[in-house]
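Undergrad: For reference, the structure I am asking about is given below.
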Amino acid sequence: MKSTTIDKFTGAAMAAPMVLGIGAFGLVPFLMVVWYSLHEWNPLAGTFDFSGVANYLRMFTDPQIPTSVGATLGFAGLLMVLNIPLAMLLANLLNTGLKGITAFRVIYFAPVVVSSVAWVVVWSYLLAANGGINAVLAAIGIDGPNWLMDRRTALPTVVVVQVIKGVGMNMILFLAALQGIPNELKEAAALDGASRRRVWQHVILPLMTPTILLVMILTMIGGLDTFVPVMVLTQGGPEGTTTVLPYLVYRTTFQDLEFGYGSALGVMMFVLVLGLTAIQWVARRKWVHDEV
Amino acid sequence: MGHEVIPIRGLWRLFSSDKDDANTIPDWMENDMTQRRAVLQALGLASLAATSGIGLAACSNDPAPPQEDGSGPVELRVAIFSSNEGHLEVLNSIGVAYVAAHSDRVNKVVFDTLPADAYITALQTQIAGGQSPDLAWVFEANARQFVDGGAFVDVTDTLKQAEGYAFDDVVAEALRVWQQDDKVFAYPFSNSPFGIYANLDLIKAAGGPAPRELLDNGEWTWGRLAESAAQVAASDSGLTGFQAGVDPFDGWLDGLGTMWPQWGARPWTEDGTDCQLTSQPMLDFFGWFHEQIHQTGAHAKPGEVFDMNSGQTGFKIGLLSGSRLISEAGFDWDFLPLPEGPAGAHPIVGQSGIGVLSQSSKIEAAKHFLAWFTNPESGAKLSQFFPQPRTSLLTVENLKQVSPLLTDEMISGTIIDQASRGTTKQGHKNLSRITDKVKVHLDAYWPSPNADLAALMEKACADIEADLE
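Chains U and H, in that order, are what the protein sequence lines are. Heads up, the first sequence is in the numbering used here, so the first residue is 1397 and it goes up one at a time. Heads up, the second sequence is in the numbering used here, so the first residue is 987 and it goes up one at a time.
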């Protein structure tokens, strides 16, 4: 159907708040961060001196960068590995018409709407060396680890706290995708003699791939942007194993007062997130249904 | 049917009341283009209206406060980290009195509370955003950052020349951390000695001696405290014997900086240029503290959480202000000076300073107000809540107002004597970077019973060499 002027106006009007919002609160600040990254800026002293690409060159010799990039990729990778299959499993288990199933959906979704800081503070007490989780383990004769202070367990522990917090959102998206698949397709496959496993593998899963792509991208970006649990639970420790890039940017900028270098780290983080998202977007042609 | 990336139809079905009927998806979503168009147009208009509203709101602005250009009185804004009603009442009364006396200079003084847990970050963000307050409170740990970094202006002459200021009454040592080359850049409006809170019920139940008896007998040492603390910890698995004031495994400098001076140790030289973490007194101190974690069990292990006010701790380092909560805890307690170490007694005070920010547009008015805010009369009002660094105000009567729960014995022995002799914890201009780098090495030291401390400290010194300037 040919679009009319009023349709175009309607489209522009609906897009206006988001376009202006992204422009004012996303694009402009980002450009300012790029500008700041080319300067040595100490707001306390009131100095703002152009330094060219010195802040970017410094990253190549900063020993914190390899550790931090490794922690960030490890965090995001582990988050995806744990979160997405668990969300898919929960969505399939909850995709029934059984009486009372809504209560379970609410229970699994509830952590999503809890304040992040409140959620993490509660976990900080549960995960203390003498906290609730180790007390339960001790009751069954297990000497629990020092979850947040041991370099081997700190990062996975923070990831698990995030998985429990966020799995409900992915579960809802998968559940909605499952509910959007027409019964006729499943019934037709069954009539053709397909087993339940083959229906799931060859009918349901392919039709869910667009949603899986969305969930993978959102989860990866969420993992790369993680800040609150690190800030509250580990402050980047022990031995820097949880110093993910967002926390390093915060610490460099607001604690060390290196606004220029902190901005450069922020730009580097943006490039990293953009690059990984682009890879996923390009790779979708290989596995997402209906994509060519 | 096309397949959606965002499963709109599934979401509609999931949240609709009739779960089983696919036809509950509204017609306008599926087919009826006319109705869909009407709905979308209405939403479009609403979006445009909302956008216009936001745009207009963004374009409007409060009139700018008057600047210091000699055209009239100005408004001063003081950034603070307290929202306590009592504090604000006293602060505002000082501000009102100042405006009444100097209405030609200042027409209003606003005390602006920033969130305490992110205070410095919020303050720096305001300064970076061109919205600098005129004056600001600053924690002692950030003193060197603000003084050496040029954030505060020199107020020496303003304070010394202010009428009735009695500059010589100010304890000289209390000003040290706020000075550079004998110039004063901020005033420590709160000057409170660190002491040891003791849960006398726990100590007695564990069979330990009363700490005050040890003090009276000249036996109040870290060694005796650790012995008693180990007894408390051994008496019940839900207790710990001793806690540094701040978790030393999170903040090693804040947590332990009140202790190592009694070993004669310091993390870097007075001028902040040479690392001293490998010095023998510092290695001795860390070795002793490590022993209390892994051998005697006197101190809580890394990652363990205990609460003094819940009666779970035998001894804890604290400030005078902690007495309010501890007095409500329901156990018998005492507040004692920091114990002696191998290098003898070395009192430590905790401070907060107030200074005029160099980014303020009303520096002269702010300096004038600072002199009023810290003069003996204002100091007497402030001492209701904040122990003052003035000899004339360090009296039992004055400090009774700060904490009526403390006995005269505690005030004279733990507060007055210590405040007049105490030094502040060591700071540095690059404190944040230094503490982060050293913490990485200490993270490896704390959990391990057999770590090579000297080697770790060598690495730590190498890492912070560039930051010690």
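No residue lacks a Cβ here, since even glycine has one placed at the ideal position from N, Cα and C. It should be emphasised that the depicted structure is a prediction, and the values quoted were computed from it without experimental measurement.
With 7 angstroms set as the bound, which would you pick, yes or no: does the beta-carbon of residue 1651 of chain U sit closer than that to a beta-carbon of chain H?
TA: yes
Undergrad: So with CB distances below 7 angstroms, who are the chain U contacts of residue 1419 of chain H?
TA: 1652
Undergrad: In this structure, how does DSSP classify residue 1157 of chain H when only helix, strand and coil are distinguished?
TA: coil
Undergrad: Check whether the Cβ atoms of residue 1320 of chain H and residue 1174 of chain H sit closer than 7 angstroms, and answer yes or no.
TA: no
Undergrad: Report the rounded CA-to-CA distance for residue 1463 of chain U versus residue 1637 of chain U, giving the unit in angstroms.
TA: 7 angstroms
Undergrad: Could you work out which residues of chain H lie near residue 1479 of chain U, taking near to mean beta carbons separated by less than 9 angstroms?
TA: By Cβ distance, chain H contributes nothing, its closest Cβ being about 18 angstroms from residue 1479 of chain U, past 9 angstroms.
Undergrad: Whole beta strand (DSSP E) runs in the segment 1202-1252 of chain H with 3 or more residues, listed along the chain?
TA: Qualifying beta strand (DSSP E) stretches, in chain order: 1226-1229.
Undergrad: With respect to the beta strand (DSSP E) encompassing residue 1121 of chain H, which residues constitute its N-terminal and C-terminal limits?
TA: Element bounds for residue 1121 of chain H: 1121-1125.
Undergrad: Excluding sequence positions up to five away, which residues of its chain have a Cβ less than 7 angstroms from the Cβ of residue 1166 of chain H?
TA: 1133 and 1134
Undergrad: Have a look at U:1486, U:1513 and U:1511 and flag the residue whose alpha-carbon is nearest the alpha-carbon of residue 1739 of chain U.
TA: The shown model of chain U, from 1397 to 1688, leaves out residue 1739 of chain U, and the question about it has no answer.
Undergrad: Which residue comes first and which comes last in the beta strand (DSSP E) that contains residue 1319 of chain H?
TA: 1319-1323
Undergrad: When we look at the beta-carbon of residue 1415 of chain H and count the other beta-carbons within 10 Å, is it buried (16 or more) or exposed?
TA: buried
Undergrad: Within 7 angstroms (strictly less), CB to CB, does residue 1545 of chain U reach chain H?
TA: yes
Undergrad: Does the pairing of the segment 1654-1664 of chain U with the segment 1427-1439 of chain U give three or more beta-carbon distances under 8 angstroms?
TA: Yes, the segment 1654-1664 of chain U is in contact with the segment 1427-1439 of chain U.
Undergrad: Kindly indicate which three-state DSSP category residue 1138 of chain H falls into: helix, strand or coil?
TA: strand
Undergrad: Anything in chain H within Cβ reach of residue 1643 of chain U, meaning under 8 angstroms, just list it in chain order.
TA: Neighbours of residue 1643 of chain U on chain H: none; closest Cβ ~11 angstroms, over 8 angstroms.
Undergrad: Residues in its own chain within less than 6 angstroms of residue 1294 of chain H by CB, not counting five upstream and five downstream?
TA: 1302
Undergrad: Given this structure, state the Cα-to-Cα distance separating residue 1367 of chain H from residue 1628 of chain U, to the nearest angstrom.
TA: Distance between the alpha carbons of residue 1367 of chain H and residue 1628 of chain U: 37 angstroms.
Undergrad: Decide if residue 1675 of chain U is buried, meaning its Cβ has at least 16 other Cβ atoms within 10 Å, or exposed.
TA: exposed
Undergrad: Just curious, the alpha helix (DSSP H) that residue 939 of chain H is in, first and last residue?
TA: Because chain H here runs from 987 to 1455, residue 939 of chain H falls outside it and cannot be looked at.
Undergrad: Whose C-beta lies closer than 6 angstroms to the C-beta of residue 1386 of chain H among residues of the same chain, with five residues either side of it excluded?
TA: none
Undergrad: Skipping 5 residues on each side, what residues in its chain have a beta carbon closer than 7 angstroms to that of residue 1442 of chain H?
TA: 1427, 1430 and 1431
Undergrad: Could you give the C-beta distance for residue 1348 of chain H and residue 1062 of chain H, rounded to a whole number, given that I count them as a contact under 8 angstroms?
TA: 6 angstroms
Undergrad: At a Cβ threshold of 7 angstroms, is residue 1167 of chain H touching chain U?
TA: no
Undergrad: Per DSSP, residue 1176 of chain H is paired with what?
TA: H:1338
Undergrad: Closer than 9 angstroms between beta carbons: that is the criterion. Which residues of the segment 1430-1443 of chain U meet it against chain H?
TA: 1437, 1438, 1439, 1440, 1441, 1442 and 1443
Undergrad: Counting beta carbon pairs with one atom in the segment 1316-1332 of chain H and one in the segment 1199-1207 of chain H, are three or more of them shorter than 8 angstroms?
TA: yes
Undergrad: What residues in the segment 1281-1312 of chain H bring their beta carbon closer than 9 angstroms to a beta carbon of chain U?
TA: 1286, 1287, 1288, 1289, 1290, 1291 and 1292
Undergrad: Using the Cα positions of residue 1608 of chain U and residue 1337 of chain H, report the straight-line distance between them to the nearest angstrom.
TA: 55 angstroms
Undergrad: Ignoring anything shorter than 3 residues, give me the beta strand (DSSP E) runs that lie fully in the segment 1471-1550 of chain U, in order along the chain.
TA: none
Undergrad: Could you spell out the range, first to last residue, of the alpha helix (DSSP H) harbouring residue 1302 of chain H?
TA: Looking at the DSSP string, residue 1302 of chain H is not in any alpha helix (DSSP H); the run it does join, the beta strand (DSSP E), is 1299-1304.
Undergrad: Find the residues of chain H that neighbour residue 1647 of chain U, judging by a C-beta separation of less than 8 angstroms, and give them in chain order.
TA: 1418 and 1422
Undergrad: For a test of the three-state rule: what should DSSP assign to residue 1409 of chain H, helix, strand or coil?
TA: strand
Undergrad: What are the boundary residues of the alpha helix (DSSP H) that residue 1073 of chain H is part of?
TA: 1071-1087
Undergrad: With distances taken Cα to Cα, identify the nearest neighbour of residue 1178 of chain H among H:1168, H:1439 and H:1397.
TA: H:1397
Undergrad: From what residue to what residue does the alpha helix (DSSP H) around residue 1417 of chain H run?
TA: 1417-1431
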